[in-house]
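Student: Just so you know, my numbering puts the end of the sequence shown at 111, numbered straight through with nothing missing. For each residue, glycine too, the CB sits at the ideal point set by N, CA and C. Please find one structure pasted underneath; my questions will follow.
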Amino acid sequence: MQITINLPQDIELDETIRQHAESRARESYVMELLRYGSISTGYAAKSLNLSRLEVLELMGQYKISIFPEQTPEELAQEVAATRRLIQP
Numbered sequence: 024m025q026i027t028i029n030l031p032q033d034i035e036l037d038e039t040i041r042q043h044a045e046s047r048a049r050e051s052y053v054m055e056l057l058r059y060g061s062i063s064t065g066y067a068a069k070s071l072n073l074s075r076l077e078v079l080e081l082m083g084q085y086k087i088s089i090f091p092e093q094t095p096e097e098l099a100q101e102v103a104a105t106r107r108l109i110q111p
């Protein structure tokens, strides 16, 4: 996918500023896809050339929970399943 932003021709951008703006726009777009569950943390990491740990840190900056939204019932089922796995 490619996103194009048309700026007025009279705007002159320093190459460093342009690259930084493009990087931040890419980061923001990928984080929004992650927020809505459209992509995985692994895909986000690959897209941004980051480690998964770095993506988790970015998620914190964007206030994106690392835990999926669950109903209390779903959470209780997950806790019960985990307890069954760890009990001898």
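#1: Assuming Leu-57 and Ile-87 are in contact, meaning their beta carbons sit under 8 Å apart, how far apart are those beta carbons, in whole angstroms?
#2: Would a C-beta distance cut-off of 8 Å place Leu-79 and Ile-89 closer than the cut-off?
#3: Determine the contact status of Leu-81 and Met-54, defining contact as a CB-CB distance below 8 Å.
#4: Under the rule that 16 or more other beta-carbon atoms within 10 Å means buried, what is Ala-48, buried or exposed?
#5: Under 8 Å between C-beta atoms, does Tyr-52 make it to chain B?
#6: Give me the residue from Val-102, Glu-50, Gln-110, Ser-61 with the minimum Cα distance to Glu-85.
#7: I'd like the list of long-range same chain contacts for Ser-70, defined as Cβ closer than 6 Å, with 5 residues on each side in sequence excluded.
#8: Can you find the residues in the same chain that come closer than 8 Å, C-beta to C-beta, to Ile-26, ignoring five residues on each side of it along the sequence?
Tutor: In short:
#1: Position 34 of the sequence shown holds residue 57. Position 64 of the sequence shown holds residue 87. Contact flag correct, Cβ pair sits at about 6 Å.
#2: Taking the first residue of the sequence shown as 1, we reach residue 79 at position 56. Taking the first residue of the sequence shown as 1, we reach residue 89 at position 66. Against a cut-off of 8 Å, the Cβ pair of Ile-89 and Leu-79 comes out as a contact.
#3: Stepping through the sequence shown from its first residue, residue 81 is reached at position 58. Stepping through the sequence shown from its first residue, residue 54 is reached at position 31. The answer is yes: Cβ separation under 8 Å.
#4: Working through the sequence shown from its first residue, we reach residue 48 at position 25. When all chains shown are included, Ala-48 counts as exposed.
#5: Looking for chain B here will not work: only one protein chain is present.
#6: The sequence position of residue 85 within the sequence shown is 62, counting from 1. Here residue 85 turns out to be Tyr, not Glu, going by the sequence shown. Of the candidates Val-102, Glu-50, Gln-110, Ser-61, the one whose C-alpha sits nearest the C-alpha of Tyr-85 is Glu-50.
#7: Taking the first residue of the sequence shown as position 1, residue 70 is located at position 47. Closer than 6 Å at the Cβ level, and outside the excluded window around Ser-70, lie Val-53.
#8: The residue given as residue 26 occupies position 3 in the sequence shown. Correct list, in chain order: Ala-48, Tyr-52.
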